[in-house]
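Trainee:
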Amino acid sequence: MIVGIIGSGGREHAICHALNKSKKIDKIYCFPGNAGTDAIAENINLDINNFEEIKNFVFSKKIELVVIGPEKPLVDGLTDYLESFDIKVFGPSKVASQLEGSKIFTKNICKKYNIPTANFGVFDDTHQAKNFLDNSNFPIVIKADNLAAGKGVYICENKEESYEAVKEIFDGKFGDAKNVLIEEFLEGEEMSFFILSDGITYKIFGTAQDHKRVQEGDKGKNTGGMGAYSPSRLINEELEKKILNNIIDPTLRALKDLKSSYKGFLYAGLMIKNNEPHLIEYNVRMGDPECQTILPKLNTDFGEIIDSCSNGRLNESKINWNNKKSLCVVLCSKGYPETYQKNVEIKNINKIELNTDDHLFHAGTIKRGDVTLAVGGRVLNFVSLSDSFEESRNRIHQLLNNLNWSDGFFRKDIGYKVIKK
Ligand code: AMP
Ligand code: GLY
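Our numbering puts the last residue of the sequence shown at 549; the count rises by one with no breaks.
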């Protein structure tokens, strides 16, 4: 089978790597990919917002299945567009992608189907929002109702901060947000929970915990993710049952009631307190860097899984995992998540020697001749699997020390809740 992967991050390199190992897959194209995918697939430098260009390329190369990695093309309706030309796609429709594209869409489903989540109010006007804040307890959470690339969420400690958040959102800091969502602050510990669905049935696709803040001790600015580990330390049979019964099943039922269905990865961002799950948000894709920790745990052919999903035969697949502890540390360009230099050479990268249980997934990199250049904020994902999170992290630190890239930085404390030393 010939497949195309949309995206250029560490998640897409991990997907590309898993598909490259598959007996089912003959050839992979990445749109646009990165220096990592370049080594195992053919990178095609086209604009992923130009749906017609993608469709024409898919036809010209007889691509049989398109896997969409990031949320933006999903929310913009790339799946529906390609399917209207009878091209097979792994990824949810535009209607289903509102689960990530509109926080208010998701909140309304939660309300109607009794899905546990933070209490909330929706406001389309500054005056009403401020009135509500005048009578609220703090901390409180304020969100823009549109895709804001992981930003657009404010945890406000007092009234002044909350006024400022509302102002910034309505002033267009995150694009055209017509509404703000004000919600109760949930206490607990966060967990990422994944399923994959063919529109008829679904299967659990692992758990993870990520570190979103830039500084050690989970402090500082929010980022796309500085590292992750899988499985989550919080998961147990009882919690899993609650997540499926109280959150996932009613959400899929809601989409059915809207005459829609869910096909692709679904990522539930959960807050867990006293073994009770609350939904914080949905993402209509794999997590990044969670994906980089989960896919290497897979013992089943990923190409078979994706193929069965796109043919509505997921119920025939059995998904097997290894029991190893998987950890990922993200190497970033100095300055990230603020400004950083681009086109900086990553010397020594060819000298990195990986064992069977090590992976180096690229994110913001490109290849120029023999040279690998950093072009993004998150540059490389070092992943290692072993019998303990501590051993996995030690191994990654060894690899990072070997690379010794002076233009980069990483958090040394990824997984500190599962590594006591
Ligand atoms: P979101 O984009 O909705 O996932 O929010 C980004 C991050 O903000 C989450 O991963 C949480 O760390 C935090 N957050 C969002 N909503 C809440 C909430 N209601 N209570 C506590 N923390 C929250
Ligand atoms: N790791 C968080 C995300 O992918 O949104």
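Even for Gly, the Cβ is constructed at its ideal location relative to N, Cα and C.
If you reduce the DSSP assignment to three classes, tell me which class residue 208 lands in.
Mentor: Walking along the sequence shown from the start, residue 208 turns up at place 80. It is helical.
Trainee: Flag residue 296 as yes when its Cβ comes closer than 6 Å to any non-hydrogen atom of ligand 1, and as no otherwise.
Mentor: What you label residue 296 is simply residue 168 of the sequence shown in a count that begins at 1. For ligand 1, not one heavy atom lies less than 6 Å from the Cβ of residue 296.
Trainee: Quick one: measure Cβ to Cβ for residue 144 and residue 326, integer angstroms, because I've assumed they're closer than 8 Å.
Mentor: Along the sequence shown, read from residue 1 onward, the residue named residue 144 stands at position 16. Along the sequence shown, read from residue 1 onward, the residue named residue 326 stands at position 198. Incorrect: roughly 21 Å between the Cβ atoms, too far for contact.
Trainee: Can you round the beta-carbon distance between residue 539 and residue 319 to whole angstroms, since I take them to be within the 8 Å contact cut?
Mentor: The sequence position of residue 539 within the sequence shown is 411, counting from 1. The sequence position of residue 319 within the sequence shown is 191, counting from 1. That belief does not hold up - the Cβ atoms of residue 539 and residue 319 are roughly 19 Å apart, past 8 Å.
Trainee: Per DSSP, what kind of secondary structure is residue 503 in: helix, strand or coil?
Mentor: Here residue 503 is taken as the residue at index 375 of the sequence shown, counted from 1. In the structure shown, residue 503 sits in coil (DSSP, three-state: anything other than H, G, I, E or B).
Trainee: Helix, strand or coil: which one does DSSP assign to residue 453?
Mentor: Here residue 453 is taken as the residue at index 325 of the sequence shown, counted from 1. Residue state, collapsed to three classes: strand.
Trainee: Kindly give me the distance between the Cβ atoms of residue 425 and residue 513, rounded to whole angstroms, as I take these residues to be in contact under 8 Å.
Mentor: In the sequence shown, residue 425 corresponds to position 297, counting from 1. In the sequence shown, residue 513 corresponds to position 385, counting from 1. Contact holds; Cβ gap of about 7 Å.
Trainee: Compare the beta carbon distance of residue 335 and residue 363 with 7 Å and say whether it is the shorter of the two.
Mentor: Counting from one through the sequence shown, the residue named residue 335 turns up at place 207. Counting from one through the sequence shown, the residue named residue 363 turns up at place 235. Closer than 7 Å, so yes.
Trainee: Please name the residue, chosen from 217, 240 and 311, that lies closest to residue 378 on a Cα-to-Cα basis.
Mentor: Within the sequence shown, the letter at position 250 stands for residue 378. Considering only alpha carbons, the answer is 240.
Trainee: In three-state DSSP terms, what is residue 147?
Mentor: Working through the sequence shown from its first residue, we reach residue 147 at position 19. Three-state result, residue 147: helix.
Trainee: Rounded to a whole number of angstroms, what is the C-alpha to C-alpha distance between residue 369 and residue 388?
Mentor: Residue numbering aside, residue 369 sits at position 241 when the sequence shown is read from its first letter. Residue numbering aside, residue 388 sits at position 260 when the sequence shown is read from its first letter. Their backbone Cα atoms lie some 24 Å apart in a straight line.
Trainee: Taking 6 Å as the line, does the beta carbon of residue 408 fall inside it for any heavy atom of ligand 1?
Mentor: Translated into positions along the sequence shown, residue 408 becomes position 280. Checking every heavy atom of ligand 1 against the Cβ of residue 408, one is found closer than 6 Å.
Trainee: State yes or no: is the C-beta of residue 197 within less than 7 Å of the C-beta of residue 207?
Mentor: Residue mapping note: residue 197 aligns to position 69 of the sequence shown, counting from 1. Residue mapping note: residue 207 aligns to position 79 of the sequence shown, counting from 1. Contact: no.
Trainee: Does residue 516 come within less than 7 Å of chain C when only Cβ atoms are used?
Mentor: Any reference to chain C falls outside this structure, which holds one protein chain only.
Trainee: With distance defined between alpha-carbon atoms, name the residue in 186, 174, 178 and 179 nearest to residue 132.
Mentor: Residue numbering aside, residue 132 sits at position 4 when the sequence shown is read from its first letter. Residue 132 has its Cα closest to that of 186, out of 186, 174, 178 and 179.
Trainee: Pairing CB atoms from the region 520-530 with CB atoms from the region 439-457, are three or more of them under 8 Å?
Mentor: A contact exists between the region 520-530 and the region 439-457.
Trainee: Tell me the rounded alpha-carbon separation between residue 232 and residue 252.
Mentor: Translated into the one-based positions of the sequence shown, residue 232 becomes position 104. Translated into the one-based positions of the sequence shown, residue 252 becomes position 124. Going from the Cα of residue 232 to the Cα of residue 252 covers about 12 Å.
Trainee: Please go through the same chain and pick out, in chain order, the residues whose beta-carbon is closer than 6 Å to the beta-carbon of residue 135, but skip the five residues on each side of it.
Mentor: On the sequence shown, position 7 is the one that residue 135 refers to. Here the set comprises 197 and 198.
Trainee: Starting from the Cα of residue 442, find the closest Cα among 323, 274 and 283 and give me that residue.
Mentor: Here residue 442 corresponds to residue number 314 of the sequence shown, with the count starting at 1. Residue 442 has its Cα closest to that of 323, out of 323, 274 and 283.
Trainee: Quickly, what does DSSP pair residue 245 with across the bridge? List them, please.
Mentor: For this step, residue 245 is matched to residue 117 along the sequence shown. Partner(s): 407.
Trainee: How big is the Cα-Cα spacing for residue 301 and residue 190?
Mentor: Here residue 301 refers to the residue found at position 173 when the sequence shown is read from its first residue. Here residue 190 refers to the residue found at position 62 when the sequence shown is read from its first residue. Distance between the alpha carbons of residue 301 and residue 190: 41 Å.
Trainee: For residue 328, count neighbouring C-beta atoms within 10 Å of its own C-beta (all shown protein chains included) and say buried if the count is 16 or more, exposed if not.
Mentor: Counted from its first residue, the sequence shown places residue 328 at position 200. The residue is exposed, with fewer than 16 neighbouring Cβ atoms inside 10 Å.
Trainee: Should residue 225 and residue 273 be called a contact, given that it needs their Cβ atoms to be closer than 7 Å?
Mentor: Mapped onto the sequence shown, residue 225 falls at position 97. Mapped onto the sequence shown, residue 273 falls at position 145. Result no, Cβ atoms of residue 225 and residue 273 do not sit closer than 7 Å.
Trainee: Would you say residue 229 touches ligand 2, meaning its beta carbon is less than 6 Å from a heavy atom?
Mentor: Residue numbering aside, residue 229 sits at position 101 when the sequence shown is read from its first letter. No - ligand 2 has no heavy atom lying nearer than 6 Å to the Cβ of residue 229.
Trainee: Only counting the same chain, and skipping five residues up and downstream in sequence, which positions put a Cβ closer than 8 Å to that of residue 427?
Mentor: Taking the sequence shown and counting its residues from 1, one reaches residue 427 at position 299. 448, 449 and 450.
Trainee: Determine, using beta carbons only, whether residue 430 and residue 414 come nearer to each other than 7 Å.
Mentor: Mapped onto the sequence shown, residue 430 falls at position 302. Mapped onto the sequence shown, residue 414 falls at position 286. No. Outside cutoff.
Trainee: State the start and end residues of the unbroken beta strand (DSSP E) segment that holds residue 213.
Mentor: Taking the first residue of the sequence shown as position 1, residue 213 is located at position 85. That residue, residue 213, is in no beta strand (DSSP E); it is neither H nor E in DSSP.
Trainee: When you compare only the Cα positions, how much space is there between residue 524 and residue 492?
Mentor: Looking up residue 524 in the sequence shown gives position 396. Looking up residue 492 in the sequence shown gives position 364. The straight-line gap from Cα to Cα measures roughly 19 Å.
Trainee: Following the continuous beta strand (DSSP E) through residue 440, name the residue where it begins and the one where it ends.
Mentor: Start at 1 with the first residue of the sequence shown, and residue 440 comes out as number 312. Run containing residue 440: none; DSSP gives neither H nor E here.
Trainee: For ligand 2, any of its heavy atoms closer than 6 Å to the Cβ of residue 515?
Mentor: As a working mapping, residue 515 is identified with position 387 in the sequence shown. Answer for residue 515: no, Cβ out of range of ligand 2.
Trainee: Does the count of Cβ pairs from the region 340-356 and the region 528-544 closer than 8 Å reach three?
Mentor: The region 340-356 vs the region 528-544: in contact.
Trainee: When a residue counts only if its C-beta is closer than 5 Å to some heavy atom of ligand 2, which residues count, in chain order?
Mentor: Those residues, listed in chain order, are 338, 353, 415 and 416.
Trainee: If you follow the alpha helix (DSSP H) that residue 523 is in, where does it begin and where does it stop?
Mentor: As a first step, residue 523 must be located in the sequence shown, where it is residue number 395. Where residue 523 is concerned, the enclosing alpha helix (DSSP H) stretches over 517-531.
Trainee: Which whole-angstrom value describes the C-beta separation of residue 423 and residue 146, a residue pair presumed to lie in contact below a C-beta threshold of 8 Å?
Mentor: Here residue 423 refers to the residue found at position 295 of the sequence shown. Here residue 146 refers to the residue found at position 18 of the sequence shown. So it is a contact: roughly 5 Å between Cβ atoms.
Trainee: Can we say the region 398-418 touches the region 474-486, given the rule of at least three CB pairs closer than 8 Å?
Mentor: As far as the Cβ criterion goes, the region 398-418 does not touch the region 474-486, which means the pair count is below three.
Trainee: I need the boundaries of the alpha helix (DSSP H) containing residue 291, first residue and last residue.
Mentor: Against the sequence shown, residue 291 aligns to sequence position 163. Segment 287-298, the alpha helix (DSSP H) holding residue 291.
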